[in-house]
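Shown next, in structure tokens, is the structure this report addresses.
Residue numbers (the numbering used here): 1 to 513.
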């Protein structure tokens, strides 16, 4: 009897995500000879990776989530490990439908909305943090900006203002050697303005060199900005060099501290949340656990009258047809498709292809093609109507679920979202991305328990328990409650670890001259 039992194929935990799928996903590693979905594995399948459950002829689609994620590059037998060695990607026709699934989204009455403790600004916007930011017009003034922040830190003055979260130098690598009438300049202009006016920023100091392409005076004129008690500018060449500018900048911030420090948190409705959605270091579990759970939290937030921003256009490639169906109207859906076409042209001009994403880490985690990655990434957006589509760093001017065109590279993408007005950020990760954001707090959400436990000091929430039976709806509620807590001042793990000063990375488009 013992011999008969030992000869039986061992069963493994797997998930079949849609009846139309011809693969399953390994919850735990599948060893050769193990039984899964009635099929015996012919090779080892790492956790998060895929195994074929029916024959797939060469050239036939491989399906996950009920959608095409690639095509068999050779015959695939039931029980085979399905990954780069036997799956390829090539163009295929997508049928776009517009606004078919759009619907009016009822919003809870104000009296029934959840609340958090936020900083109500004079313009009506609500911040979740209370920072003073030091922005730079050009890379050449970055060092001075950092020196000013260090001077304030060394002074100990912040100890007298506990309601101020910090003084942050947000420096970048551009600002000159660019077409001052071109797209790259306009993006940088919008990004800087978005950060200067983000509700988490209560005071701003702008530092320039003087001879750069991105002139502070021109930027101020474009937005009708004038200096005030909480907005100051200095140009190194005009002030008289590094030391004099550091001294002048530090003095200006000293003057701001009592003003910014007067801010107090008050009770405000959840409709004031503008939530940035990010995923990085994704794995085969991302589209099964953390991303759909975040999508459930987004649905709750939209019902509360809040706003959520989905982004990373290269990482919705292959899933955009699901978003166009949810567009509020045809024009909104077509705007999204036009962005996809721009990216196809952009990558072709630079001798790249859209499938250069996923990264090696994504592939090690079980993602084979960009189509597979995108279908999982789009789940962060929940199920609500797509209310608007925005270009990079444009101000988000409506409530609900919206989209912003950004690269897939997380720091660049999140920078655009914060410039658009995001006051909280949720970041899902399967491999364990080390990321934080200032002035907007970042909540890190693990897709699997193994990584969560290994990187417990970096992860705020674990969605790996979805694989053990916790419902997506319950995890969505947990994420939403965490968003409210962090918005009220509870520090996220990335904040505790000091991340965020160097994650300001504006998108650089066009030639560097």
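Glycine included, C-beta positions come from ideal geometry on N, C-alpha and C.
As the structure is a computational prediction, the values presented were derived from the model and not from experiment.
Item checked: Check whether residue 275 and residue 236 have beta carbons under 8 Å apart -> no
Check: Do residue 133 and residue 170 have their C-beta atoms closer together than 8 Å?
Finding: yes
Checklist line | Candidates 436, 422, 42, 103, of which the one nearest residue 457 by Cα | finding: 436
Check: Buried or exposed: where does residue 2 fall if 16 or more other Cβ atoms within 10 Å of its Cβ makes it buried?
Finding: Bear in mind that a pLDDT of 40 at residue 2, under 50, signals an unreliable position, so the model cannot answer this.
Notebook entry, point to check: Which two residues bound the contiguous beta strand (DSSP E) that contains residue 233?
Noted result: 231-235
Next item on the list: Decide yes or no for the touch test of the region 325-336 against the region 387-405: beta carbon pairs closer than 8 Å, at least 3 of them.
Entry: Cβ pair count under 8 Å is three or more, so yes.
Notebook entry, point to check: Taking the C-alpha atoms as reference points, what is the distance between residue 501 and residue 149?
Noted result: 11 Å
Next item on the list: Whole angstroms is fine: what's the gap from residue 262's alpha carbon to residue 163's?
Entry: 7 Å
Check: Between 410, 453, 467, 479, which lies nearest to residue 443 when the distance is taken from Cα to Cα?
Finding: 479
Margin query: Quick check: what's the CA-CA separation for residue 103 versus residue 461?
Written below: Each residue's Cα considered, the two are about 31 Å apart.
Check: Taking the beta strand (DSSP E) that residue 494 falls in, what are its first and last residues?
Finding: Taken as a continuous stretch (DSSP letters only), residue 494 belongs to no beta strand (DSSP E), being part of the alpha helix (DSSP H) at 493-496.
Item checked: Coil, strand or helix - residue 463 by DSSP -> Look at residue 463 here: in three-state DSSP terms it is coil, with no helix or strand label.
Next item on the list: Give the DSSP-derived three-state secondary structure of residue 249 in the structure shown.
Entry: The DSSP-derived three-state label of residue 249 is helix.
Next item on the list: Let me know the secondary structure DSSP gives residue 429 once reduced to three states.
Entry: strand
Next item on the list: Tell me whether residue 170 sits in a helix, a strand or coil according to DSSP, three-state version.
Entry: strand
Check: Of the residues 128, 172, 191, which one's Cα is nearest the Cα of residue 136?
Finding: 172
Note to self: Do residue 315 and residue 377 have their beta-carbon atoms positioned less than 8 Å apart in this structure?
What the structure shows: Contact: yes.
Next item on the list: Give the range of the alpha helix (DSSP H) segment to which residue 120 is assigned.
Entry: First-last for residue 120: 115-120, but that is the beta strand (DSSP E), not the alpha helix (DSSP H).
Note to self: For a test of the three-state rule: what should DSSP assign to residue 63, helix, strand or coil?
What the structure shows: For residue 63, the secondary structure class from DSSP, reduced to helix, strand or coil, is strand.
Next item on the list: Would you mind working out which of 425, 183, 301 sits nearest residue 491, comparing C-alpha positions?
Entry: Per the C-alpha coordinates, the member of 425, 183, 301 positioned closest to residue 491 is 425.
Next item on the list: Going by CA-CA distance only, name the one from 125, 120, 178, 216 that's closest to residue 141.
Entry: 216
Check: Roughly how many angstroms lie between the CA atoms of residue 320 and residue 290, to the nearest whole one?
Finding: 20 Å
Next item on the list: Let me know if residue 245 comes out buried or exposed under the rule of 16 or more other beta-carbons within 10 Å of its beta-carbon.
Entry: buried
Note to self: As a quick exercise: from 277, 447, 391, 78, pick the residue whose alpha carbon is nearest that of residue 57.
What the structure shows: 78
Checklist line | Rounded straight-line distance, which links the Cα of residue 72 to that of residue 28 | finding: 24 Å
Note to self: I want to know whether the region 32-48 touches the region 11-18 - three or more CB-CB distances under 8 Å.
What the structure shows: yes
Next item on the list: Entirely within the region 126-204 and at least 4 residues each: give me those alpha helix (DSSP H) ranges in chain order.
Entry: If we require 4 residues or more, the alpha helix (DSSP H) runs fully inside the region 126-204 come out as 142-155, 183-197.
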